[in-house]
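Asks:
Numbering (the numbering used here), first residue to last: 76 to 342.
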């Protein structure tokens with residue numbers, strides 16, 4: 076009896092030790108630290124409970140899962156994301172960040188996972204049907220975005236009277252709706268998602284840019300290649316297509332960055 080009890084006690088202690096070690100290993104699992112501009116649905120946004128949801132949130136969570144990591148997402152302004160990766164405060168930035176040669180001077184990107192056009196949006200009653208119709212108009216842009224860059228590069232050529240910069244897209248669209256801006260230049264997906272509720276606004280003109288979004292990471296981050304491989308696997312096994320359908324209501328276009336493996340961009 077004594078021997079049996081002792082054995083049971085020892086087995087119980089051993090089991091508890093194993094569970095304790097497993098719990099410690101789980102608690103100490105490496106975290107992928109992510110920065111996100113949270114006012115950018117359907118790519119990323121914060122729920123009323125403070126959690127992050129969206130197309131890119133699902134992507135980065137799946138990438139981390141395949142790397143055996145947890146995810147910690149921080150709430151940052153769009154412009155702050157670039158300084159945060161450069162200073163290694165975060166590992167990854169998500170927020171519809173277009174891959175550009177200029178940005179790759181100080182950042183690294185995975186292969187693209189989304190193709191995006193820019194668009195010119197107005198109130199529905201405003202008669203804008205082509206780019207040249209921006210002549211004499213007040214144009215709203217998200218500060219530091221490619222829409223901001225495009226508008227400034229074309230300001231004189233198109234005769235844009237004023238460019239108003241905003242730190243949040245919602246503020247830009249509210250001003251557009253209120254008539255404090257005549258038009259807004261931004262990425263089509265985010266605007267069209269907003270316009271499901273803001274029914275007085277519409278995208279009137281699409282600007283083909285060849286822009287593509289990728290995960291932006293600290294320059295030469297040690298996990299860059301592995302994150303890129305995870306994206307490749309997600310495209311091949313259909314996971315990325317499922318995420319696309321969840322947030323945009325459709326399968327990715329054939330041959331698009333959401334559907335097929337693409338090379339990792341080089342500076």
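Heads up, the beta-carbon is just placed ideally off N, CA and C, and yes, glycines get one too.
1. If you drop the 5 nearest sequence neighbours on each side, which residues of the same chain put their C-beta closer than 6 Å to that of residue 222?
2. Run through DSSP, which three-state label would residue 99 get?
3. With the cut-off set at 8 Å, would you say residue 174 and residue 111 are in Cβ contact?
4. What does a CB cutoff of less than 6 Å around residue 89 pick up in its chain, not counting 5 residues either side in sequence?
5. In three-state DSSP terms, what is residue 209?
6. Are residue 136 and residue 265 touching if we call contact CB-CB under 8 Å?
7. What number of angstroms, rounded off, separates the C-alpha of residue 254 from the C-alpha of residue 197?
8. Distance, Cα to Cα, residue 148 vs residue 180?
9. Can you find the residues in the same chain that come closer than 6 Å, C-beta to C-beta, to residue 334, ignoring five residues on each side of it along the sequence?
10. For a test of the three-state rule: what should DSSP assign to residue 184, helix, strand or coil?
11. Provide the residue(s) that pair with residue 198 in DSSP beta bridges, ordered along the chain.
Replies: The answer reads as follows:
1. 193, 216, 260, 261
2. Confidence at residue 99 is low in this model, with a pLDDT of 39, below 50, so its placement is unreliable and no value can be given for it.
3. no
4. Note that residue 89 scores a pLDDT of 45, beneath 50, so its modelled location is shaky; the value from the coordinates is reported in the next line. Excluding residues within five positions, none has a Cβ falling inside 6 Å.
5. helix
6. no
7. 9 Å
8. 24 Å
9. 327
10. strand
11. 276
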